[in-house]
Each structure stands twice: as C-alpha cells, then as structure tokens.
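Everything in the sequence shown is counted per my numbering, starting at 1 for the first residue and increasing by one. Just so you know, even glycine gets a beta-carbon here, dropped at the ideal spot from N, CA and C. All values derive from a computational prediction rather than experimental measurement. Below is one structure, written out as structure tokens, with a few remarks after it.
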Amino acid sequence: MRSVALGNKRLIDYVEVIGEPEYEALRALGASVAGTRVRHVNATAYGGGVAEILQNLVPLLRDVGVDASWSVLEAPAPFYDVTKKLHNSLQGMAIDVSDEEKRLYLEVQKDNAAGVGHVDVVLAHDPQAVALRHFSPETRARWVWRCHIDTTTAYDPSWSLLRPYVEEHDAAIFTMPQFVRPDLRLSKILIQKPTIDPNSPKNRRLPDAEAREVVARFGVDPDRPLLLQVSRFDPWKDPLGVIDAYRLVKAEIPTVQLVMIGSLADDDPEGMEYLRRTQAHAGEDPDVKLLTNLEGVKDREVNAFQCVAAVVVQKSLREGFGLVVAEALWKGVPVVGGAVGGIPTQIIDGETGFLVSSVEDCARRCLQLLRDPALRQRMGEVGREHVRKHFLITRDLRDQLELARELTRGGVTTAG
Ligand code: UDP
C-alpha cells in the first residue's frame with residue numbers, strides 16, 4: 001500500500017460559502033474526534049470521482065484535527081482488469097470472473113492488508129478494497145466500506161463474491177438507497193451523496209476572460225455554442241450516444257461544437273481502447289474535440305470548459321453519482337443527463353436541467369436549452385443553489401466526522 005501525498009486545506013477558507021455558524025459547528029465536531037486515526041484506502045490517486053473526493057476531503061479532515069491519511073493499493077496491472085470486470089458486472093453486465101481472476105483479486109488485497117497499519121477507522125472504497133478487512137491483522141479498528149458504484153442491477157455472481165466481505169465491516173455507505181442489495185446483512189447502512197470542493201482548482205471561480213482563453217487554446221471557439229461531456233471514456237458514460245445526440249443538434253444549429261474530455265485513470269484499462277472507439281465514431285468533424293489529460297487538460301482546464309459550455313451533457317447509462325453534474329451546476333450551467341443512478345438527485349427535471357433516456361431526448365433537450373438563454377440562466381441559478389445546499393464538501397466533512405465519532409464512541413484504540 002502506498003500513501004498519497006496530500007495538499008493543505010483550511011476550513012476557514014470555506015467560511016464564505018458555508019457561513020460562520022456551520023464553520024464553528026464543524027470545528028467543534030472536529031475537536032470531538034481530534035487525534036482519531038482515519039485511513040482511506042482506494043485503488044487510484046488519480047482519475048475518477050473517488051480520487052477527486054479524497055484529495056479534497058482528507059486534507060480538510062486533517063485541518064479540523066483528525067489524524068487522516070489516504071493510501072492506494074499496490075497492484076499489478078491484471079488486478080485492474082479483474083476489478084474493472086467486477087465494476088462492470090456490479091453495474092449490471094453479465095460478466096463472469098474466473099477462479100484464477102478471483103485468486104488474483106483476493107491475493108492483491110491480502111498483500112496490501114498489512115499496510116493498513118494501526119488506525120482507529122478504515123474507509124475502504126469500492127470493490128478493489130472490500131476484502132482488506134478480511135485479511136487485515138488490524139482487528140481493533142472500525143471498518144467502513146464505501147461503495148461508489150451503481151449496484152441497482154448488480155450481476156448476482158459478482159455481488160455474491162463481494163457480499164461476505166462487505167458484511168465483515170462495521171458499516172457500509174452507499175450513494176442511493178436503491179444501490180443497497182436486499183440481501184445485505186449489516187447493522188449500519190448509510191446513504192451519503194458525494195460532494196465537490198468549491199475551492200479546488202476544478203471548481204473555484206475562474207474569470208470569464210481566462211476561461212475563454214483556455215478554451216480557445218484548444219481550438220474551441222468560445223463565441224459559438226458548446227456542448228460538453230466530461231467523463232472517463234467508458235461504455236457506461238455513453239460517449240457514442242453523446243456524439244449521436246450532437247449530430248441531431250448540429251443538423252438544426254450548425255454552429256454547435258462538442259467537446260468530450262476524458263482523463264485516462266490509472267485503474268481503468270479500458271480507457272484508451274474506448275477513446276479510440278469514440279474517436280472512430282466522431283470521424284473527421286472539426287467541431288468535435290476529444291481531449292484528455294495527456295494533452296494537458298487538467299483541473300483548471302476542465303473548470304474553464306465547464307464555465308464556457310452552454311449545456312453540459314452527462315448521458316450515462318449507469319452512474320454512481322456523477323460528480324461532473326454537480327461541478328457543472330455549481331458553475332451555473334444546466335445539465336442534460338441520463339435518468340440513472342445518482343444523476344436524478346442532482347438534476348431536478350425541468351429545474352436544474354433535464355433527465356433523458358435516449359439519444360433523441362438528449363438532442364431535443366440540448367436544442368431547447370441552446371435556443372433559450374433565459375432558461376439556461378434560470379436553471380443555472382437553481383442548480384448552483386441546489387449544489388450549495390446538498391453537495392459541497394463541507395457536508396461530506398460533517399458526515400465523516402459524525403461517523404468517526406459514532407464508531408469510536410467508547411474511546412479510540414491505542415497504538416502498538
Ligand atoms: N475528470 C477530470 N478529467 C477528465 C474526466 C473526469 O478531471 O478528463 C473528473 C471529473 O471532473 C470528476 C471526476 O473526474 O471530478 C469524475 O467523477 P464522476 O463521479 O463524474 O465519474 P467516475 O469517473 O467516478 O465514474
């Protein structure tokens with residue numbers, strides 16, 4: 001297991017967004033669990049929503065007094081092929097994992113388990129880390145499994161593989177109630193929505209001119225309408241469907257442009273292959289741009305594109321939460337998104353954007369928004385307030401602090 005270097009964050013820098021009373025309440029809550037050793041473990045330090053959350057949340061936990069840390073598993077590349085299969089099958093694909101693959105899957109977690117060390121609370125994220133508890137010699141810690149994926153229609157053999165390991169935890173956290181499998185036996189099951197950091201380079205306010213300059217640097221005209229999807233290149237994000245929807249829009253509004261930004265995450269072996277497929281589907285249209293972190297599209301650039309976009313699309317077919325939806329809404333941009341997983345908790349249909357279930361619907365709603373700047377503005381404002389109320393990182397911080405307090409009631413363990 002490898003520990004991830006953390007930046008510094010100060011809760012005081014959030015006071016303007018959350019107000020003084022909430023700031024004080026969070027400080028007091030932090031003081032009540034000061035010194036508690038909390039370790040988050042996941043598969044990757046870069047790419048995807050979990051890494052995005054942890055890089056912001058862990059430093060804030062530290063700022064309020066928790067002895068928080070973040071580690072990632074050390075694993076050979078074939079491990080990620082297996083966990084991607086598990087991920088896909090837990091989201092509903094009928095994919096079987098061979099005995100050999102199961103052996104590798106468990107062996108890697110066994111090898112990493114000793115690295116958890118002496119802590120009071122462990123948060124193990126997603127299928128990649130679910131068996132750490134089983135193999136860890138750290139029996140005095142409290143263990144929480146945090147599932148970020150949409151398990152509504154989980155493929156039974158994969159869920160049956162995971163379930164006994166999940167049930168060894170003291171608690172599990174899911175994003176939506178429908179993600180909790182009915183046969184899960186666990187005394188503490190919590191529903192918590194992920195959040196975004198309003199002060200991160202991805203979400204802090206960018207001056208208009210700066211955002212336009214960034215976008216122009218990548219060959220996109222900030223004066224023409226822009227549709228944007230920011231997502232790993234992954235079948236669940238339906239990039240091919242986004243291109244099809246764009247084409248229907250283009251037939252009506254020829255000046256429209258489409259940008260698809262997709263980072264290639266460390267733990268996502270499918271990414272490159274799916275990027276190629278998307279590229280082939282896009283063909284030679286100069287108004288479609290596929291950009292990745294390899295071209296220098298990082299947090300600030302994603303921020304700029306989200307600010308300049310007229311409409312953000314998140315046409316997922318399955319989605320744990322979809323942080324990108326909250327990111328766009330926070331910038332006052334309406335989102336047209338798939339009516340799946342955690343998206344409907346963010347897109348209130350007709351208020352902060354539109355929920356869609358087909359390419360045609362998606363195109364129709366994009367057209368409606370592109371033709372109606374006043375509607376975009378109105379939805380953008382409601383969207384930003386919706387995120388302020390429910391999906392800012394300080395809410396996650398509060399949830400984490402309350403959980404740590406509850407789990408360690410009766411005192412934290414002593415080191416050694
Ligand atoms: N992201 C990014 N660059 C990209 C693609 C995605 O920075 O090229 C970020 C995106 O802004 C969001 C996260 O990765 O913060 C993706 O989280 P989400 O919950 O939307 O999807 P996941 O990848 O976890 O399925």
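Per DSSP, PHE179 lies in no beta strand (DSSP E) segment and is marked neither H nor E. Among the bridge pairs identified by DSSP, GLN346 is matched with none.
A direct Cα-to-Cα measurement between LYS102 and MET93 gives close to 17 Å. Per DSSP, the beta bridge partners of MET260 are GLN229 and LEU290.
According to the DSSP assignment, ALA68 belongs to the beta strand (DSSP E) that extends over 67–72. No heavy atom of ligand 1 is found nearer than 7 Å to the CB of GLU210. In terms of CA proximity to CYS366, ASP244 leads the group ASP244, LEU401, GLN346 and TYR46. It is roughly 14 Å from the alpha-carbon of ALA251 to the alpha-carbon of VAL288. Cβ atoms of VAL312 and ALA328 come within 8 Å of each other, at about 4 Å. Where ILE12 is concerned, there is no enclosing beta strand (DSSP E), because DSSP gives it neither an H nor an E. Spatial neighbours of LEU401 in its own chain (CB-CB distance under 8 Å, excluding positions within 5 residues in sequence) are listed in chain order as LEU26, LEU29, GLY30, SER32, VAL33, LEU61, VAL64 and VAL66. The shortest C-alpha to C-alpha distance from GLU270 to any of ALA280, LYS110 and PRO235 is the one to PRO235. When rounded, the separation of the alpha-carbon atoms in TYR246 and VAL256 is 8 Å.
One Cα belongs to ARG371, the other to GLY332, and the distance between them is close to 17 Å. For SER160, the three-state secondary structure derived from DSSP is helix. Exposure of ARG10 is indicated by the presence of fewer than 16 other C-beta atoms within 10 angstroms of its C-beta.
Selection GLU100, ALA209 and SER69 evaluated against PHE79 yields GLU100 as nearest (Cα-Cα). At the C-beta level, VAL359 and GLY241 come within 8 Å of one another. Taking the Cβ of PHE321 as the reference point, at least one heavy atom of ligand 1 falls within a distance shorter than 7 Å. TYR23 and THR83 have their C-alpha atoms roughly 39 Å apart.
With respect to the 8 Å criterion, ARG39 and VAL119 are classified as neighbours on the basis of their beta carbons.
Taking the Cα positions, ALA265 is about 7 Å away from ARG232. Between THR352 and GLY383, the CB-CB gap stays under 8 Å.
In the DSSP assignment, ASN42 forms a beta bridge with VAL72. Taking every protein chain shown into account, the CB of GLN128 has 16 or more other CB atoms within 10 angstroms, so this residue is buried.
PHE305 carries a helical assignment under DSSP once its states are collapsed to helix, strand and coil. Between SER316 and VAL340, the CB-CB gap stays under 8 Å. Remark: the shortest separation between the CB of ARG217 and any heavy atom of ligand 1 does not fall under 7 Å.
A Cβ-Cβ contact shorter than 8 Å links GLN346 with ALA326. When rounded, the separation of the alpha-carbon atoms in GLN279 and ALA310 is 23 Å.
Taking the Cβ of ASP396 as the reference point, every heavy atom of ligand 1 lies at 7 Å or farther away. Here ARG318 is buried, its C-beta having at least 16 other C-beta atoms within 10 Å.
At a cut-off of 7 Å, the beta-carbon of VAL335 does not count as near ligand 1: no heavy atom of the ligand is closer than that. Taken in chain order, the complete alpha helix (DSSP H) segments of 4 or more residues contained in the segment 310–388 are 323–330 and 359–370. Closer than 7 Å to some heavy atom of ligand 1: that does not describe the Cβ of ASN199.
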